[in-house]
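A.B. asks: Structure in structure tokens, see below.
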Amino acid sequence: MHGEYRVALRNNRLGLWLFFLSESFLFMGILVSRFYLWGNTRPELNQLNGLLVTTVLLLSSFTMNRAETALVQNDRKTFLNCLLLTVALGTLFLAGVVVFEWGGHIRPSDGAYGAVLFGMTGMHALHVVSGIVFILIVWNNGRRGLYSSEQHWGVEACAIWWHYVDLVWVFFYPALYLMGQAVH
Amino acid sequence: MTTSTMYALAAAAVLILTAGGGVGLAVLFRLTNQLVVGDGRLPRVVLERVVVPTEPMALLRWRREQDEERMAVARRVAAYRSGATVLVVLAALTVFEYVMNLVGISVFGLFVIALVKAAIIVHYFMHVATVFAAGDGH
Amino acid sequence: MRTFFKLGFVRGLLGQVLGTLFGMGLVTGTRAALGYDPLWAAEPAWVIGGLLGTLGFMIGVGALTDWAKWAIGVETPMHHGAPAGQPEWTRYFAVDLSHKVIGVQYTVWGIMVLLVGGFLATLFRVELLQPGMQYFTTDRYNTLISAHGIIMISAILLGVGGMINYLVPLMIGASDMAFPRLNAFGFWINVPASLLLITAMFVGGWDTGWTAYPPNSLRTALGGPLFFLGFYTIGISSIVGGLNLLVTVFTMRPPSMNLFRMPIFVWAAVGTSVLQLLATQLVGLAMLMLIVERSLHMGFFTPVLNEAAIALNSPPGDPVLFQHLFWFYSHPAVYVFVLPGLGIISELLPVFARKPLFGYKWIALSSIGIAFLGFLVWAHHMFTSGMSNYLRLPFMYATLIIAVPTGVKFFSWLGTLWGGKLTYPTPMLFVLGAISVFLLGGLTGPPAATITTDLYLHDSYWVVGHFHQTFFGGFMFPFFAAMYYWFPKVTGRKYNEALGKLHFWLMLPSFWVMSLGQIWAGLLGMRRRIADYDPALGVQNIQVWITIAAFVIALSILIGLYNFIVSARSAEVAESNPWRSRSPEWQIPSPIPEHSFAMPLAVVGEPYDYGLPGSVYVRMAPAGAGD
Ligand code: HEM
Ligand SMILES: [Cu+2]
């Protein structure tokens, strides 16, 4: 691999991971607010919906991983198709959040339940949107053959960004749907 | 909600996640010509009629090329399969977390499960080790 | 004229105006489409306008251009030097990728913001000369002190960014920062942020102080949300700046420079950057929560429930949560402000004492220790907030423990001075002044950290005195020390030593008068952030002294700036290493050429072995100086 690319790749990776660390403090702050305000309770939410959106996001993480692996294996068709699949699943996830979670009986202005519910899902959804835009950019560049199986920092960054957004949901899902006593 | 309906919901969740998700995936990948283990077929060259060289050096070279191709395919299949395995494990953990919650696990317990899932994602999907490597691809 | 409109800065301003108008139009248009009445809603219009205005600035100035090109797959080679076909000076008004230019941009913008903040202080100091209200309404007064606080904080962050960006790559022999474009982005986003803060004063102001506590901040005038947005935007700069620096230090050192052979300032920069990278997210979150609570009525901080929430059995919001989030950043932030300054002190002392730095490793690790402990003490600002009682004691002890790494620094400074061959040019004077002032701050902190005494001291002028001492000792004096010390390096010219000394001898005593006056007024019962006081308190004389001292400080700073400007234009050319420093940046010509190091740097000895015969720190093509 080209020496300069190597150096840049190393810096880029470290930089992106440091950014994850920084973002983790943001999401930890949100989680702390949830426990501070909700304590050991939670509002009654549709459990099935929670499982569904979680599954969809998990599947999207899988397709993203498949896309990256495919590029490394020089399997371009799978690479591009899986990117689009990820976008589709991500959009489905967003739809699930917006239609089912936000369309329920709780409004943002309804006390700490409303505020934290919309705060958590909203901040996470914002990151999902950023991930979708990122994937579309990478898909477009991939279509034009700008990535090789050896040099594809753009794809790698996009993939781990997407996984990071999924990772946040790994904590948000139980915090919203499982932890504490449901209050009617 | 009574306990029995909750367990019913849990059972439904297991079904949805494992069977339903699996079938859904298979359909999705069918559409894009991919089964869960990926494009596992041997490259088309092998299926075409080939003339095996008889001259010893050429034969050796031909064999090596064949092996390399097979190895590439094997690598690809293995790589795809490891992604699928991680998916299955994560799905199982999600179901586990859901069911354990019905059974009555503590908040701490749920956090531990989430941490395990996070560790799996960080290691297998996000390749955290590459940060510490000296910048050499994969 | 053509050149003028080609300046990135001018285009950025234009972009900000257009973006703001566009945002306002968007809100108004949406309201029209939804049939809302009235069409004009000031708060959402200004918030969205402020957001898109910031974006507009960044687009206009060109900080996003390269990334946009990457997104569509266009390569962008690194550009060195002035924009094509433009004179050299235009670099400083445009997106430039060289860390040396960016460092100067940070510093100059920081000083300008500092002047604005200082000007505001002189205004309200005049009001405080006598009891009763003379020149301002109480709202105006509150806006002035609030704006002074946050504007000074942004000035300090800019000054910190300036020192770190200019110095660290040079000190570790790197060609530049790891991410030059991110670096430029991190600087330029400060400009719309500063403008937001200034705008906030003119659209109604706000009266919460820089701490923005709800419920007051939820009700304050329109300046409030613009201030939150400005604060948030400054935070973005902190995060990307910290990230960039950490990657630079970890990956771009020459292989021969191990961690314990880095110049000590680099350690301080690392400590600062860790705090910036991690803690800033929390204050950003807190500001964001305030904005959405105001605009969408999301009740994070309001302990009152509406009917729907009661029907849901929802718990209420809690204003104390805000204080936790806020101080989780803002306590570490005070170390962001001072660690680089303390690093400057440690960096300069050995040079002027011609002696090795006493206890290098201890100083280095104390920076990291302070950064780490800094995360664990935030609630010492909240002893009177009504937070859970059992939290008080642990936070008190944790706070007092921070005195240990801070004390380590002090003793190592004393150890360095002890038996040294001291000389006293202006930078050294500022360093010594910094130590004396920081000591004061260190002494007035613990009484505020002790619960029993803080119940009386909290929200009094004592606290005002305390943090001015720590800021001046930890930032202002070291910053000016750095300005004088590296002035010959940056400009290639000598500053005027007599004026420099005048600057110092005006600033130090007047600062002592000002801050001791504040401490004294606090002990007499003067509350902070209050526009008026009862003559019976007996603080009027003190207030007069404080005001006079504040004006002398302002004058001294103006003298300093005059010195810098005039000397940079026309003073004598400086020698290449006037302080006989061993640090890498002094081994290359001044002003520094575009590519700083013609030859790679090799570390062959300890960094601070001043006065040890035959010892060498770094080697390059033109053999290093040092003694
Ligand atoms: C490193 C230098 C320091 C800086 C830059 C600094 C800065 C500040 C600032 C800005 C405030 C006021 C915040 C506000 O309410 O607006 C403050 C308050 C406080 N500082 Fe420091 N400080 C420093 C060192 C210390 C030390 C060494 C201690 C104690 C051991 C300390 C203890 C406190 C306490 C307890 C308060 C809260 C007082 C109150 O509001 O009642 N500080 N400090
Ligand atoms: Cu503090």
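Top line first, the protein sequences correspond to chains A, B and C. Each residue of the first sequence is one higher than the one before, counting from 147 in this note's numbering. Each residue of the second sequence is one higher than the one before, counting from 391 in this note's numbering. Each residue of the third sequence is one higher than the one before, counting from 2 in this note's numbering. Heads up, the beta-carbon is just placed ideally off N, CA and C, and yes, glycines get one too. Predicted, not measured: the structure shown is a model, and the values here were computed from it.
Assuming H469(C) and N564(C) are in contact, meaning their beta carbons sit under 8 Å apart, how far apart are those beta carbons, in whole angstroms?
C.D. replies: Locating residue 469(C) in the third sequence gives position 468, counting from the first residue. Locating residue 564(C) in the third sequence gives position 563, counting from the first residue. About 24 Å; that fails the 8 Å criterion.
A.B. asks: Should the stretch 221-236 of chain C be called in touch with the stretch 149-168 of chain C, which here means at least 3 C-beta pairs below 8 Å?
C.D. replies: With a cut-off of 8 Å, the stretch 149-168 of chain C and the stretch 221-236 of chain C count as touching, because enough Cβ pairs lie within range.
A.B. asks: Within its chain, find whatever has a CB closer than 6 Å to the CB of V427(B); leave out the 5 residues flanking it on each side and keep chain order.
C.D. replies: The residue labelled residue 427(B) in the question sits at position 37 within the second sequence. Bear in mind that the predicted position of V427(B) carries a pLDDT of just 48, short of 50, making it too unreliable to give a figure here.
A.B. asks: Taking only beta-carbon positions, decide if T201(A) is within less than 9 Å of chain B.
C.D. replies: Residue 201(A) sits at position 55 when you count from the first residue of the first sequence. Closer than 9 Å: yes.
A.B. asks: From the beta carbon of V289(A), is the nearest beta carbon of chain B less than 9 Å away?
C.D. replies: As a first step, residue 289(A) is located in the first sequence; it is residue number 143 there, counting from the start. Looking at the sequence shown, residue 289(A) is not Val but Arg. Not an interface residue.
A.B. asks: When DSSP builds the beta bridges, which residues end up paired with V574(C)?
C.D. replies: Translated into positions along the third sequence, residue 574(C) becomes position 573. Bridge partners of V574(C): R494(C).
A.B. asks: Comparing the CB of I235(C) with every heavy atom of ligand 1, is any distance shorter than 8 Å?
C.D. replies: Sequence index remark: in the third sequence, residue 235(C) carries index 234 (1-based). Because no heavy atom of ligand 1 lies under 8 Å away, the Cβ of I235(C) does not count as near it: no.
A.B. asks: Along chain A, in chain order, which residues have C-beta atoms closer than 8 Å to that of F486(B)?
C.D. replies: Here residue 486(B) refers to the residue found at position 96 when the second sequence is read from its first residue. Residues of chain A passing the Cβ test: none, with the nearest at roughly 12 Å.
A.B. asks: Out of curiosity, what's the CA-to-CA distance linking D209(A) and H80(C)?
C.D. replies: Position 63 of the first sequence holds residue 209(A). Position 79 of the third sequence holds residue 80(C). Note that residue 209(A) is Thr in the sequence shown, not Asp. Computed Cα separation, rounded: 38 Å.
A.B. asks: Does chain B have any CB closer than 9 Å to the CB of L313(A)?
C.D. replies: Numbered from 1 along the first sequence, position 167 holds the residue referred to as residue 313(A). Output row for L313(A): interface = yes.
A.B. asks: Give a yes or no on whether 9 Å exceeds the smallest Cβ distance from W307(A) to chain C.
C.D. replies: Position 161 of the first sequence, counted from the start, is the residue given in the question as residue 307(A). With 9 Å as the cut-off, W307(A) does not count as an interface residue toward chain C.
A.B. asks: Would you say W285(A) lies against chain C (beta-carbon separation less than 9 Å)?
C.D. replies: Within the first sequence, the letter at position 139 stands for residue 285(A). It does not; no Cβ of chain C falls within 9 Å.
A.B. asks: My output table needs one value for V426(B): the three-state DSSP class, helix, strand or coil.
C.D. replies: Stepping through the second sequence from its first residue, residue 426(B) is reached at position 36. Unreliable positioning characterises V426(B) in this predicted model, as indicated by a pLDDT of 45, which lies under 50. A coordinate reading is not provided.
A.B. asks: Helix, strand or coil for V467(B) per DSSP?
C.D. replies: Taking the first residue of the second sequence as 1, we reach residue 467(B) at position 77. Helix.
A.B. asks: Return the residues of the stretch 155-176 of chain A that lie within a Cβ-Cβ distance of less than 8 Å from chain B, sorted by chain order.
C.D. replies: Those residues of the stretch 155-176 of chain A that come within reach of chain B (Cβ to Cβ, closer than 8 Å) are L155, R156, R159, L160, W163.
A.B. asks: Does ligand 1 have a heavy atom nearer than 8 Å to the CB of G475(C)?
C.D. replies: Start at 1 with the first residue of the third sequence, and residue 475(C) comes out as number 474. Yes.
A.B. asks: Measure the alpha-carbon distance for L278(C) versus N245(C) and round it to whole angstroms.
C.D. replies: For the purposes of this step, residue 278(C) is taken as the residue at position 277 of the third sequence. For the purposes of this step, residue 245(C) is taken as the residue at position 244 of the third sequence. The alpha-carbon atoms of L278(C) and N245(C) are separated by roughly 9 Å.
A.B. asks: Does ligand 1 have even one heavy atom less than 8 Å from the beta-carbon of A449(C)?
C.D. replies: Indexing the third sequence from 1 puts residue 449(C) at position 448. Yes - ligand 1 has a heavy atom lying nearer than 8 Å to the Cβ of A449(C).
A.B. asks: With DSSP as the reference, label S461(C) as helix, strand or coil.
C.D. replies: Position 460 of the third sequence, counted from the start, is the residue given in the question as residue 461(C). Strand at S461(C).
A.B. asks: So for A603(C), helix, strand or coil by DSSP?
C.D. replies: Numbered from 1 along the third sequence, position 602 holds the residue referred to as residue 603(C). Correct three-state label for A603(C): strand.
A.B. asks: Quick one: does the C-beta of T212(C) sit closer than 8 Å to a heavy atom of ligand 1?
C.D. replies: To locate residue 212(C), count along the third sequence from 1; it is residue 211. Checking the Cβ of T212(C) against ligand 1 gives yes.
A.B. asks: For the putative contact between T187(A) and P316(C), defined by C-beta atoms under 8 Å, what is the C-beta separation to the nearest angstrom?
C.D. replies: The sequence position of residue 187(A) within the first sequence is 41, counting from 1. The sequence position of residue 316(C) within the third sequence is 315, counting from 1. Confirmed, Cβ separation roughly 7 Å.
A.B. asks: Tell me, please, which residues DSSP counts as bridged to Q106(C).
C.D. replies: Position 105 of the third sequence holds residue 106(C). Q106(C) is not bridged to any residue.
A.B. asks: Taking only the alpha-carbon atoms, compute the straight-line gap between L292(A) and S582(C) and give it to the nearest angstrom.
C.D. replies: Counting from one through the first sequence, the residue named residue 292(A) turns up at place 146. Counting from one through the third sequence, the residue named residue 582(C) turns up at place 581. One C-alpha to the other measures close to 48 Å.
A.B. asks: Going along the chain, which residues of its own chain have a beta-carbon closer than 7 Å to the beta-carbon of P590(C), five neighbours each way excluded?
C.D. replies: The sequence position of residue 590(C) within the third sequence is 589, counting from 1. Once the five neighbours on either side are set aside, the close Cβ partners of P590(C) are S577.
A.B. asks: Would you kindly work out how many angstroms separate the C-alpha atoms of V245(A) and L324(A), rounded to a whole number?
C.D. replies: For the purposes of this step, residue 245(A) is taken as residue 99 along the first sequence, with counting starting at 1. For the purposes of this step, residue 324(A) is taken as residue 178 along the first sequence, with counting starting at 1. If you take the alpha carbons of V245(A) and L324(A), they lie about 20 Å apart.
A.B. asks: Locate the alpha helix (DSSP H) running through V381(B), then write down its first and last residues.
C.D. replies: No statement about residue 381(B) is possible, as the shown extent of chain B runs from 391 to 528 and does not include it.
A.B. asks: I need the straight-line Cα distance from F125(C) to F329(C), nearest angstrom please.
C.D. replies: As a working note, residue 125(C) is residue 124 in the third sequence. As a working note, residue 329(C) is residue 328 in the third sequence. Distance between the alpha carbons of F125(C) and F329(C) is about 29 Å.
A.B. asks: Between A532(C) and the rest of its own chain, which residues show a CB-CB distance below 6 Å, the 5 nearest in sequence each way excluded?
C.D. replies: Taking the third sequence and counting its residues from 1, the one referred to as residue 532(C) is at position 531. Excluding residues within five positions, the ones whose Cβ falls inside 6 Å are T139, Y142.
A.B. asks: M461(B) CB to nearest chain A CB: under 9 Å?
C.D. replies: Reading the second sequence from its first residue, position 71 is the one you call residue 461(B). By this cut-off, M461(B) is not an interface position.
A.B. asks: Can you list every residue whose CB sits closer than 6 Å to some heavy atom of ligand 2, going in chain order?
C.D. replies: After applying the 6 Å Cβ criterion, the set is H332(C), V335(C), H381(C), H382(C).
A.B. asks: Can you pull out the residues from the stretch 296-328 of chain C whose beta carbon lies closer than 7 Å to at least one beta carbon of chain A?
C.D. replies: Listed by position, the residues of the stretch 296-328 of chain C near chain A (Cβ gap below 7 Å) are L297, H298, M299, G300, F301, L306, N307, A309, A310, L313, N314, S315, P316, P317, G318, D319, L322, L326.
A.B. asks: Could you name the residues of the same chain whose beta carbon sits closer than 6 Å to that of Q324(C), not counting the 5 residues immediately before and after it, in chain order?
C.D. replies: Within the third sequence, the letter at position 323 stands for residue 324(C). Result list for Q324(C): M383, S386, in chain order.
A.B. asks: Under the three-state reduction of DSSP, which class applies to Q135(C): helix, strand or coil?
C.D. replies: Position 134 of the third sequence, counted from the start, is the residue given in the question as residue 135(C). Q135(C): coil per DSSP, three-state reduction.
A.B. asks: I need the straight-line Cα distance from L1(C) to L197(C), nearest angstrom please.
C.D. replies: Absent from the structure is residue 1(C), since the part of chain C shown begins at 2 and ends at 628.
A.B. asks: With DSSP as the reference, identify every bridge partner of V329(A), one or two as the case may be.
C.D. replies: Numbered from 1 along the first sequence, position 183 holds the residue referred to as residue 329(A). Answer is P189(A).
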